[in-house]
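Enquirer:
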Ligand SMILES: Cc1ncc(COP(=O)(O)O)c(C=O)c1O
Ligand SMILES: Cc1ncc(COP(=O)(O)O)c(C=O)c1O
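Chains as they are written, first to last, in the working numbering: chain V, 18 to 466; chain E, 18 to 466; chain U, 67 to 575; chain B, 67 to 575.
(1) Which of the three DSSP states, helix, strand or coil, is assigned to residue 451(B)?
(2) Could you say which of 528(B), 165(B), 170(B) and 110(B) lies nearest to residue 484(B) if we only look at CA atoms?
(3) Using a Cβ-Cβ cut-off of less than 7 Å, give me the residues of the region 460-493 of chain B that come near chain V, in sequence order.
(4) Can you pull the DSSP bridge partners for residue 399(E)?
(5) Quick check: is the beta carbon of residue 364(E) nearer than 9 Å to any beta carbon in chain V?
(6) Determine which residues of the region 414-431 of chain B have a Cβ less than 8 Å from any Cβ of chain E, and write them out in chain order.
(7) Taking 8 Å as the line, does the beta carbon of residue 284(B) fall inside it for any heavy atom of ligand 2?
(8) Give the DSSP-derived three-state secondary structure of residue 327(U) in the structure shown.
(9) In angstroms with no decimal places, state the Cα-to-Cα distance between residue 558(U) and residue 220(U).
(10) Would you tell me roughly how many angstroms separate the C-alpha atoms of residue 338(B) and residue 432(B), rounded to the nearest one?
(11) Which class does residue 381(V) belong to by DSSP, given the choice of helix, strand or coil?
(12) Under the DSSP definition of a beta bridge, which residues are partnered with residue 145(U)?
(13) My parser needs the beta strand (DSSP E) runs of 3 or more residues fully inside the region 170-197 of chain V; what are they?
(14) Please report the Cβ distance between residue 536(U) and residue 465(U), rounded to the nearest whole angstrom; I am assuming they are in contact, meaning their Cβ atoms lie under 8 Å.
(15) List the DSSP bridge partners of residue 394(U).
(16) Below 8 Å on the Cβ atoms is my contact criterion, and I expect residue 72(B) with residue 482(B) to pass it. Report the Cβ-Cβ distance as a whole number of Å.
(17) For residue 74(U), which residues of its own chain have a beta-carbon under 8 Å away from its beta-carbon, when the five flanking residues on both sides are left out?
(18) Helix, strand or coil: how does DSSP classify residue 457(V) here?
(19) Within 10 angstroms of the Cβ of residue 320(V), are there 16 or more other Cβ atoms? Answer buried if so, exposed if not.
(20) When the Cα atoms are used, what is the spatial distance from residue 128(V) to residue 79(U)?
(21) Just to make sure I have the definition right: I need the residues of chain U whose C-beta is within less than 7 Å of the C-beta of residue 67(E). Which are they?
(22) Using beta carbons (cut-off 9 Å, strictly below), is residue 446(V) in contact with chain E?
(23) Just how far apart, CA to CA, sit residue 349(B) and residue 204(B)?
(24) What are the start and end residues of each continuous alpha helix (DSSP H) run of 4 or more residues lying completely inside the region 35-120 of chain E, in chain order?
(25) Is it the case that the Cβ atoms of residue 204(V) and residue 349(V) are separated by a distance below 9 Å?
(26) Assess, as a yes-or-no matter, whether the region 234-242 of chain E is touched by the region 260-272 of chain E under the definition of 3 or more beta carbon pairs within less than 8 Å.
(27) Distance cutoff 9 Å, beta carbons only. Does residue 367(E) sit that close to anything in chain B?
(28) Closer than 7 Å between beta carbons: that is the criterion. Which residues of the region 161-189 of chain B meet it against chain U?
(29) Got a sec: does ligand 2 put a non-hydrogen atom nearer than 8 Å to the Cβ of residue 331(B)?
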């Protein structure tokens, strides 16, 4: 096996050195009865050439991967500068472990420190951790953290949070006696409804909203923060499209207590849903309640600056069952990719790309709204996603759009909401050319008529 | 411009620092009349996204790049392990200059030393240089070197040397009063003809042969060496398919005095003809007549081993017009790729891949020979290329094969030999599956009948 | 410090580099976007100013592409990595990460595939997931596989929740309410109790015996109260020892009405040799980022598949990838499922790599890797036993634990030995884990190290042992060869500085 | 040596690594091929044993893939590189090499395209070559372009041969035989005379004036004999000065019946600002691996396009890439051509990168780069003039030359200053070139360096100047921070060891 340095000859000699006659004897401590006799029935060994051919073939069967696409809903197609993938592929980053030995891990540690800083700057918060698995688990952990901070058990979550995020939160909190109450979405605005907010009371640990929400509508976060704080609840803001940070008022500036987000938009491929990177930020006063890893500044005897993993007493390897979370391995390399993306785009680029997304979506929305029998049900301001109401079943419409026009037109909301057969969610980014958008509009028109 | 660190603001400040008011003043030493007034008419600046799209489009118009191919004739499609491209892409190799400062260039220097060693091992020679531009220029330089060594002006070259190599040699030697005499190819064997060899005499500086020759035939190098040495001439052996070193007796073992080769087969893409890498090896006694760079072992005051560029007194930067060659920049990174390839394949792999090429070609030759009205004109043993004589014009036959069967079937010899309309050269490597070969054979049959 | 015994490393010049924020210069740009090709809409019509960002991203760096490339290239050189040499972190299985796997994971048909693509347009990805499930099922001997968990701890949480759901279903809400105890050995990794807690279990700790195994008597005793939902066991355990009584252990737990969860982080000792499913284990997680070589990336991403018995399958997270004839689809209608543990389908990119690993090795190669990994650990164990205290008699599997007992007499402790190892050119082993071994040094060479380097490692450790006797100061002040020395972690935790701030702001704070 | 002035670099641990041959172990394998899928032919039937290899590749290494990856990753860390920082090698234009260019050069449609593909199936590649020719023609102001030469020296040879062919055609064999003199300034790069010699010319050297320009009187004198075929001039010259009399120089040579060849290695000072074609130059070569940022790769590959006037076009190498309507084809039927200088079409992969560079910059960006490059050189010139001898008054263009005159009084020479610069974290400048300047230090920062690093460089040089006075020993023994010290190059040349040999063989030899 070409990945194993020691040749069979060398291994035979080493066996002798350790006093064994055969490789089988290495496993003497495993009861004979538990050792498998015959070979595993996994696929036979193949060469690089064959393997690449096989995977290319599989990939070719993902017919959607090569079409213009308007799918968003939690995973966004943005352009990633070439240097991002190049730099994360440096062996020194990519084949290193979690930086347990700071003297030979400063590269990773400094990068995480920069990541934490950038996330604070974008979210407008005081402190951010080294990453969570993704946005959905970050949200679930935020709810658990709110319970730790407030010692309250009731959590109001907007129904316009990504449905899969809600499912994950349900799974995480089910054994904590936390009840998640849904606040309905206003059918006219597409924002969290007034009735929903009336659920807020002195037992409420947190109000959870997503903005831009799942339907692409931008919530008035400041107003929501006031409502939550009025009853002593925390405001948790979830963001699935992190590019929006370059355009919308930061949750921190609006009074959010915890901000969680999906960082995939920062130069990470959609890659069928993962690996992504969860962003988690909060206020200084809650720093010691944070889940996950934190990197901090430190100095050596000669006063040289370096960085270390810190506040580890929150973590499982020390606190065990009393830890703030069970997370250990997180999404280091993806956080690094996001860091490189953010720094490459920089202060101007992060704003320009966000504005382009908003402009493309505005253009697309305007064009689709003009189509006969198509409408945009929601009135709230939007960033780069919006719901379209079609004259026919959206699932059918979109699959024909794919087959006949080779365009992935968006997400049929019936995937999550059985009662919304004709609605679909359209997302536009800087990667969607005007030509693509016009083709989408023409396609919708021709198929629906 | 994103590749220029200093912002316009910073550059304005720096201009002040150096006492200038405008960038234009930087060019005051250029007479006004010589400065261009208007902008260059080169293409407008575009973004990464646009650039990649544009190049993908161009590449797509190279329709042949994605077909099964049996083209060889000086450029060969072999499988290159993934690590080759990964390792040469390490910034430390790929953005370094020629190793003029050994203390901070040992990576490059050690790699070249290993390259020189491997080339010696494969060619069976004593000493090899750090690379030439390619096989063709290496051959030309070999002829010039033979003249330096022997002080004779007449050179006999086999007519079965790659035609483009012969053209390049012509260009290089034309002003040296060296006459290149062609030794005809035996129409029956495909090897250099007896008559041709009779040209050898006491005025002959060198006999130049290629083996396997342009027609794929393996010359009896030992016998040729004896003939050349008998008249005090050098034997120069050129090799276009370096994979053959893993299978055929090394030129060194056969008595060659200079071996030149094209190293592209060692893990380097065919890339429309370049960059490739020229290999150049000779006997110890001629070391100081070598063109190009040489790396040698050296030690520092504490006796630590390192490597340096050595025997520089042969080179242009010291010897100027008396140098053994004008070469300066060579093919460092490609030589590195070849080194990584040779070391990854190693002792067994270099032999196995060579044998597979020979086996595939033997199978293809056998199958084509069976076809009605097709024949193989040459009787000599072959490695992985052979000439086929078709019943119809080869150019026509091959272009139909391409269009109708999507196979590039080989090289119509009429490209170089107007008098051989029906002959074409077929090459098989380890990358040609049996399926491809069978499709080629079937295609030839159906089109020719 | 220049010990003549240091054969693996030498100091050399490396570049300094400040924080990117300190490099930033107004007006620098590292990007270029295509010009906007649609009519502009006035921003106020898109989103009112009151909801728009108004800080112009104050503080976010402004740098050129060249700045970014040099910044990260430079700081990268401050890291140790697998590609630079042996990385013997016990329990972490730092094996070779093939570049081939990286290449296939980047094939556009995978990288550009959106997770919400309709099934019929994503058949290749679904098939890949399905094939990986099949291989992992064969390797573990467990039929139910979910690739959704993003890491080991996530897989633990999933597995433990499955146990809970199963018991609830089996015993009914009422009865099951009294089964909320999860037994965990004192040697277990911290994620185990944390995951159990996350699933609402009370953790009870099982003692290990003096010779490093689960204490069966204590287990029986704890199982006697009828409140045991399950046991979380690592096998081989975190001491590198195979729990030879595993079958009996499972029996005891099963008899007590509990289920057995196996932490599969140490599967690198078992692949192709023995299967948890055959041992009586009910549910297990794997770390594809350990055993199956997906790169650890300085802290993830990972992938922690949860594998369980047929009996537990109904409780696996949704959606599941299933095969209908020759089509693949997502199955979400599984009423007993514990629910979703992550958006979409898990870390797909890691699955691509893991399948490439399995196909590259083949059955023989998988077993060969296991043999080589165990052999390397044995070789190291034998090489060090003369100089270091080996607290357990039993022969180790893929990793071996030593202690600083002998060296500490001279005041040299595990931390010092680890730091000194850096000067010898090695990444230190895992230290102070497992917690039950005082001054533990857990060494896992993996199969990816050749004999010559193992010998260098053994020689380095022996040399350090000599230094501990003859020249303890050198060891206590190590490392001596690095850009920075030991950092004051206590101070860092006392006044944590967790982000960069502009000078003024910083001093203001 | 730890000078507090060293702000850019610090020593850190790096891995040692032996020669791969010393790592080799019998039986190790780093590859796997698909099984042979055709019936085997007995080897003797393919090639008789007498012609087959019989040494089993004795001595070729046997290593695993992991060995190879660690081997090259480790030794790579011993190199300095552009991505690590400023690389001010005068005359070499070590600018940023964009990864974007690497990506497009690797597109399968380019990388897998065979050079002997029929024209109709390679239209994309031919178009790319054509478009690059057009851009280079616009940039140089010369209409005839051949991309065939593989490097600068190769382009020189091509250009000089074109001059010779032109003169032969113009004057006829007889007369032209008396025009075999090529004039070359004493400041020229060594490749110039070497290339002239390769084309059968006798080289006569032109003096430079005290202020660093071509000596017009000497030029006139040399032109008086009627034997001058041409002049090879570098502009800006190798002292970094623009030959302000270029038009007059060309006039003198033309009047004498000669042609003017310009070495374009220094085009980074002119792109977008001035064009050789407008100066009266007849033929020039470019270094795409300098001015157009194709990576130097530790010694190539390069690409040295030859650009000439309309008049000289007929003599360019064959084949040429031409456009017929909207099709592109190869034109080989050019009777006056000097012939072919390389197999196939030159280093195509470098052409892809260069065109990407041109399209990424656009006209403005190309000029901006030139301005930034010249400004950086000026900035350094100004920063160092107080501490180092600047032999020429004139303002430098993209590079500036200093000497060790002041330092040498203390016995500190250019080589020592260069070596000491390594300790400060910089790659040294070009030293002892041009030859006419005693103790020359030729500094070319390029546009790819930011002000902060330029300031560090200036500070480092000044600090070294101070050390030369106060502590010359430190400078004379530099570098102090590297894995190895200065190597004994004289000894290496005396008894050259140019390849590894197995121990026995080695000692035997
Ligand atoms: C024994 C053991 N269990 C569980 C884990 C947790 O796995 P992960 O870090 O992927 O969450 C680890 C990894 O550190 C481990 O070593
Ligand atoms: C002024 C000058 N001319 C010619 C050359 C030769 O170019 P190349 O090394 O590409 O052959 C160089 C490069 O070193 C140079 O600096």
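For every residue, glycine included, the Cβ atom is placed at its ideal position computed from N, Cα and C.
Expert: In this structure, then:
(1) coil
(2) 528(B)
(3) none
(4) 234(E).
(5) no
(6) 414, 415, 416, 418, 422, 424, 425, 426, 427, 428, 429, 430 and 431
(7) no
(8) Here residue 327(U) carries a strand assignment [DSSP, helix/strand/coil].
(9) 29 Å
(10) 6 Å
(11) If DSSP states are grouped into helix, strand and coil, residue 381(V) belongs with the helices.
(12) 122(V)
(13) 171-175
(14) With a Cβ gap of about 29 Å, residue 536(U) and residue 465(U) do not count as contacting.
(15) 389(U)
(16) Actually they are not in contact, since the Cβ atoms of residue 72(B) and residue 482(B) sit about 16 Å apart, beyond 8 Å.
(17) 151, 490, 491, 492, 519, 522 and 526, listed in sequence order.
(18) Helix at residue 457(V).
(19) exposed
(20) 21 Å
(21) 100
(22) Among the residues facing chain E, residue 446(V) is not included, as its CB has no counterpart in that chain under 9 Å away.
(23) The alpha-carbon separation between residue 349(B) and residue 204(B) amounts to approximately 14 Å.
(24) 65-77, 99-105 and 108-111
(25) no
(26) yes
(27) yes
(28) 162
(29) Inclusion of residue 331(B) in the 8 Å shell around ligand 2 follows from its C-beta lying nearer than that to a non-hydrogen atom of the ligand.
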